[in-house]
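Numbering (our numbering), first residue to last: 3 to 406. From the three backbone atoms N, C-alpha and C, an ideal C-beta is built for every residue, glycine too.
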């Protein structure tokens, strides 16, 4: 495909975890179907796409997830599919739900709504010292009161890979429904919902699968739930259908995992801190600078044709990386990235940090001079306050019961 360019150069897109860059053929299908819908209406578009909407897309999703095509459903996104699944659960005050510190805010909001509706107990599975989920804690506390376990396959906060298959084996002999959010793993890692042993697996189509926004999907095990999510637009489904074919073709090509190369750039950059959690990561790296705000770095990189995202605490409010409320940067790599993209990122990052330091130096000198003048000649009209300045209030975030 022809990637976007910056001053004649290829843009280094390091934000597939946020929004994947659609291949040209996927974008063309989306534009063509949208134009047809606009001109002749939805009925004409659905008639044209008949086989794709009713059978073709489900066959490709089933092949992607290792499940029967008839067990897949379409949705506007993973969060919508998750909400529909929760709507069909009959829980009560004696039931317990487990989530993890990796859960995203949309899924947390849905769980909190379920808690409010059913008065069930919502608990957070703790992390071990190395950042992995504490499976020993799960084994020790698992009983028939646990009605639902929600786990993220790959954390959007920092790329941690959670052992979803091992958790599935742990839960297999118990009543708990098992839901897995694979939005950051489908298209990046092999995902086999049958091997995971989950009752629900959800994903967005616009991240590592590089489809259009507004379309997601789910695997729902037979008998696990009857909630029906709102279907996505037919044009988005057709574009996802094409993206799935593009993904299948791309995975047959040689691919170098660029995450170690990306990590090396961050680790050798003075003042940069990696926000690593867990022993295994895939596709995503989070980091921040000790002195320079993440927003300033992101903007500086964008001006140099390097695209990544800034993360804030409320996106993953339970994750340790966001507990202090300081924004971070998140870069993600996929098979459409090259080693040149990582080199470009390293060069641009060095330039941005140098630019920020140079801009800060004169300002610090002016402030120091102003402070010296103020100390030498205090104003006769003002007296020092006997009270210390009140600290700024931190913005509140969603808080759940954290299990001990």
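- Straight across, the Cα-Cα distance linking residue 302 with residue 145 is about 51 Å.
- Secondary-structure assignment with DSSP links residue 123 through a beta bridge to 98.
- For the 8 Å CB-CB criterion, residue 21 and residue 159 do not form a contact.
- For the pair residue 54 and residue 239, the CB atoms are nearer than the 8 Å cut-off.
- Residue 291 carries a strand assignment under DSSP once its states are collapsed to helix, strand and coil.
- Residue 205 carries a strand assignment under DSSP once its states are collapsed to helix, strand and coil.
- Ranked by Cα distance from residue 209, the options 79, 68, 60, 27 are led by 79.
- Straight-line measurement puts the Cα of residue 155 at about 17 Å from the Cα of residue 130.
- A buried status is given to residue 162, since no fewer than 16 other beta-carbon atoms sit within 10 Å of its beta-carbon.
- Rounded to whole angstroms, the separation of the alpha carbons of residue 315 and residue 328 is 7 Å.
- Excluding its 5 nearest sequence neighbours in each direction, residue 82 has C-beta neighbours in its own chain below 8 Å: 218, 231, 232, listed in chain order.
- For residue 221, the enclosing beta strand (DSSP E) has its first and last residue at 218 to 222.
- Per DSSP, residue 89 has no beta bridge partner at all.
- Under DSSP, the beta-bridge partners assigned to residue 332 are 288, 311.
- Per DSSP, the continuous beta strand (DSSP E) segment holding residue 182 begins and ends at 179 to 183.
- Going by C-alpha positions, residue 29 is about 25 Å away from residue 286.
- In the structure shown, residue 17 adopts extended strand secondary structure according to DSSP, grouped into three states.
- Spatial neighbours of residue 274 in its own chain (CB-CB distance under 7 Å, excluding positions within 5 residues in sequence) are listed in chain order as 268, 289, 291.
- Annotation for residue 33: the continuous alpha helix (DSSP H) segment containing it runs 26 to 42.
- Taking a contact as a CB-CB distance under 8 Å, the pair residue 211 and residue 181 does not count as one, their CB atoms being some 20 Å apart.
- Contact annotation: residue 198 and residue 166 have beta-carbon atoms nearer than 8 Å.
- One thing to note: residue 242 has its Cβ within 8 Å of the Cβ of residue 214.
- If you look at residue 66, you'll find it in the alpha helix (DSSP H) that goes 59 to 67.
- For residue 162, the three-state secondary structure derived from DSSP is strand.
- Within the model, the alpha-carbon separation for residue 263 versus residue 338 is close to 15 Å.
- In the DSSP secondary-structure assignment, residue 152 is bridged to 181.
- Taking the C-beta atoms as reference points, residue 91 is found nearer than 8 Å to residue 179.
- Taking every protein chain shown into account, the CB of residue 119 has fewer than 16 other CB atoms within 10 angstroms, so this residue is exposed.
- Residue 358 carries a helical assignment under DSSP once its states are collapsed to helix, strand and coil.
- The C-beta of residue 104 has 16 or more other C-beta atoms within 10 Å across all chains shown, which makes the residue buried.
- Rounded to the nearest whole angstrom, the CA to CA distance from residue 126 to residue 88 is 18 Å.
- Take residue 224, set aside five residues on each side of it, and the residues of its chain with a beta-carbon closer than 8 Å to its own are 73, in chain order.
- Take the alpha-carbon of residue 106 and the one of residue 133: they are about 17 Å apart.
- In the structure shown, residue 77 adopts extended strand secondary structure according to DSSP, grouped into three states.
- Just so you know, the alpha carbons of residue 100 and residue 93 end up roughly 13 Å apart.
- Under the three-state reduction of DSSP output, residue 198 falls in the helix class.
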